[in-house]
Every structure is written in structure tokens, then in C-alpha cells.
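A short worksheet on the structure shown next.
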Amino acid sequence: MSAYTPSYKNNLFARNYLSLFTDLAQNNTNVTREEYKNNTCLYVLDLTQDFSASDPFMNVARSGDISVHLKFDEDLLETLTLLVYMEMQSLIEIDKSRNIFTDY
Numbered sequence: 049m050s051a052y053t054p055s056y057k058n059n060l061f062a063r064n065y066l067s068l069f070t071d072l073a074q075n076n077t078n079v080t081r082e083e084y085k086n087n088t089c090l091y092v093l094d095l096t097q098d099f100s101a102s103d104p105f106m107n108v109a110r111s112g113d114i115s116v117h118l119k120f121d122e123d124l125l126e127t128l129t130l131l132v133y134m135e136m137q138s139l140i141e142i143d144k145s146r147n148i149f150t151d152y
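Have a look at this one:
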């Protein structure tokens with residue numbers, strides 16, 4: 049998958065907006081294109097190797113690294129906050145001796 053390169057000033061952000069639906073497996077997000085352009089900066093990314101995050105089965109590859117690289121057309125006038133949320137299937141077990149076992 050290639051990098052997202054939107055230009056909100058030139059109305060070039062359809063791929064970013066479409067990802068709200070495809071990568072969340074939703075038919076409706078209650079966010080219009082105008083709201084997305086003017087008020088919302090929400091990027092939804094399916095980072096599984098086979099783009100199967102919304103499927104009911106688990107991906108075979110269970111480990112790896114993920115990085116985020118951001119590039120802006122113009123200098124930022126304010127501090128930016130990046131909030132990352134991730135879901136994954138895992139198991140955390142704590143026994144009576146307080147030993148913690150994980151299966152990611």
C-alpha cells in the first residue's frame with residue numbers, strides 16, 4: 049500500500065475518507081465528506097499483511113513492526129497530537145501466584 053498523500057485544499061482526500069468505511073467494515077460512519085474535510089482528521093488503516101483486519105479469521109503472521117511517518121505540506125503553527133488505537137487478538141492469563149502469561 050502506498051502512502052496517503054491528501055491535499056485538503058485541493059479536495060484530494062477521497063482515499064482517506066473511503067478508508068473510514070473499508071477498513072472499519074462499516075456502511076456508514078455518520079461523517080460526511082465536508083465534515084471530514086473541515087473538522088475531522090481521522091485515518092483508519094488496516095495494517096494486516098493481507099488487509100483482513102475486518103474479516104472474522106486471524107492473520108497467520110503474528111509478529112512484526114509498525115511505524116508511522118508523517119509529512120506535512122506546510123509548517124505546523126500549533127503542536128500536533130497523534131493518538132493511535134490498535135485492536136488485536138491476544139490472551140493474557142494471570143495465575144493465582146500473580147504470574148502473567150501472554151499469547152500475542
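Under our numbering, the first residue of the sequence shown is numbered 49, with each subsequent residue one higher. Heads up, the beta-carbon is just placed ideally off N, CA and C, and yes, glycines get one too.
Please report the straight-line C-alpha distance between residue i and residue j, rounded to a whole angstrom.
i	j	result
Arg-146	Val-132	29 Å
Val-92	Tyr-52	11 Å
Lys-144	Met-134	29 Å
Thr-70	Thr-77	11 Å
Glu-141	Leu-125	46 Å
Looking at C-alpha atoms only, which residue of the options is the closest neighbour of residue i?
i	options	result
Thr-80	His-117, Lys-119, Ala-62 and Asp-94	Ala-62
Leu-60	Phe-69, Leu-118 and Asn-86	Asn-86
Met-50	Asn-75, Asn-58 and Val-116	What sits at residue 50 in the sequence shown is Ser, not Met. When only C-alpha atoms are compared, the closest one is Val-116.
Asn-58	Leu-68, Glu-82, Leu-72 and Asn-75	Glu-82
Ala-73	Ile-148, Asp-151, Pro-54 and Asp-94	Asp-94
Helix, strand or coil for residue i, going by three-state DSSP, please let me know.
i	result
Leu-24	There is simply no residue 24 to check, as the chain begins at 49 and stops at 152 in what is shown.
Take the Cβ of residue i as the centre, count every other Cβ of all protein chains shown within 10 Å, and call the residue buried at 16 or more, exposed below.
i	result
Tyr-56	exposed
Asn-64	buried
Completely contained alpha helix (DSSP H) runs for the segment 62–97, where each covers 4 or more residues: Complete alpha helix (DSSP H) runs here, min 4: 62–70 and 81–87.
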